[in-house]
Amino acid sequence: PEDAQWEDVEDEPRSAEELVDALSRTWAMVDDCLRRWTADDLAGSVVRSGRTHHRGWVVWHVMEHDIHHGGEMSQILGSNGLSGLDL
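Anchor point for the sequence shown: position 41 equals 41 in the numbering used here, and the numbering is continuous, going up by one each time.
In structure tokens form, the structure reads like this:
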């Protein structure tokens with residue numbers, strides 16, 4: 001797709017370092033927002049691609065996404081005899 005990001009290019013798998021860097025940057029942004037925003041700010045809306053979302057929903061969606069994939073990574077690690085993630 002024309003709006004594809006680096007994670008969407010299947011024939012270019014990302015290294016562990018790139019994934020850690022991406023997650024670190026994502027969570028730094030979430031942390032920054034949560035330190036600055038009030039409850040009223042979280043109720044505010046943002047528009048992306050013509051769709052309106054509350055900021056609180058966006059924060060939860062990022063958390064939900066990473067929790068889901070963290071579980072997948074833990075399962076893969078465990079299937080290979082390694083310790084899972086400490087979530």
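The beta carbon of each residue, even a glycine, is placed where N, CA and C say it ideally should be. The model shown is predicted, which means the values in this text are computed figures rather than measured ones.
Report the partner residues of R25 according to the DSSP bridge assignment. Note: R25 sits in no beta bridge, so no partner.
Per-residue DSSP class, three states only, for S49: coil
Span of the alpha helix (DSSP H) around L42: A39 to A43
In terms of residue numbering, what span does the alpha helix (DSSP H) encompassing G71 cover? It spans R55 to S79 - the alpha helix (DSSP H) in which G71 sits, taken as one unbroken run.
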